[in-house]
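One point on numbering: in full-length UniProt numbering, the residue at position 9 of the sequence shown is 9, and numbering is uninterrupted.
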Amino acid sequence: MESRAKALGHAIHPMLIPFPLGLLATAVVFDIVYLITDKAGFALASAYAIGAGIIGGLIAAPFGWIDWLKIPRNTRAKRVGLVHGLGNLLVVVLFAVSWALRANSDGWVPTTWALGCSFVAVVVATAAGWLGGELVERLGVGVDDGAHTDAPSSLAAKRVGTAPTAT
């Protein structure tokens, strides 16, 4: 089932999600380094990474929603996609709360609650990411109808929509 939102022959959503996921995971790494070293620069770097990750997530989400709308009703893919999307919404909300709690502290130093929100969000993001993989790799959502191991480039002028037959 091909994606509705495409650029240069590929689904846009999976092209965008590495940025917010990478930024938000890096924010948690910076938090851990801050906890170990007590160097405020890591707390500030984490706050910046969270802010950028939230923006990236808000940019990537509509493209996933567009693809989800195309999934046929009453299918496992529709249910998995819904949980995937809601999970990622929860991730953005948890990181937004974490960011807001930091904004109210001196030097953007994370409170215990801010750290808890971020750490829980990473666990939820991992589960939601697995569901995204399930959608693509197991349920075929967002996969080109003509996909096969010898398919021409998606940038090719003429695209073939069927897999080659065995001879």
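Here a beta-carbon is modelled for each residue, glycine too, at the ideal position from N, C-alpha and C.
{"Item": "N88 burial status per 10 Å Cβ neighbour count (16 or more: buried)", "Value": "buried"}
{"Item": "Option nearest residue 193 by Cα separation, candidates A11, V29 and A52", "Value": "The question about residue 193 has no answer, for the chain in this structure spans 1 to 167."}
{"Item": "Contacting residues, own chain, Cβ-Cβ under 6 Å from A47 (five flanking each side not counted)", "Value": "R102 and W108"}
{"Item": "Alpha helix (DSSP H) segment containing P62, residue limits", "Value": "A40 to K70"}
{"Item": "DSSP beta-bridge partners of H10", "Value": "A7"}
{"Item": "DSSP-derived helix/strand/coil call for A77", "Value": "helix"}
{"Item": "Nearest candidate by alpha-carbon position, reference S27, set A128, D144 and W99", "Value": "According to the sequence displayed, residue 27 carries Ala and not Ser. It is W99."}
{"Item": "Other residues of its chain near H84: CB distance less than 7 Å, five sequence neighbours each side excluded", "Value": "A128, L131, G132 and L135"}
{"Item": "Cβ neighbours of L23 in the same chain (closer than 8 Å, five flanking residues each side left out)", "Value": "A49, I50, A52, G53 and G56"}
{"Item": "Residue closest to R123, alpha-carbon to alpha-carbon, out of L16, A25 and H148", "Value": "The question names Arg, but residue 123 in the sequence shown is Val. Residue A25 is the option with its Cα nearest to V123."}
{"Item": "Rounded straight-line distance, which links the Cα of M15 to that of V33", "Value": "29 Å"}
{"Item": "Alpha helix (DSSP H) segment containing T126, residue limits", "Value": "T112 to G133"}
{"Item": "Cβ separation of H13 and G81, assumed to be a contact under 8 Å, to the nearest whole Å", "Value": "Not really, about 11 Å apart at Cβ, beyond 8 Å."}
{"Item": "Beta carbon of A114 nearer than 8 Å to that of I66", "Value": "no"}
{"Item": "Distance, V97 Cα to L86 Cα", "Value": "16 Å"}
{"Item": "Three-state secondary structure (DSSP) of P18", "Value": "helix"}
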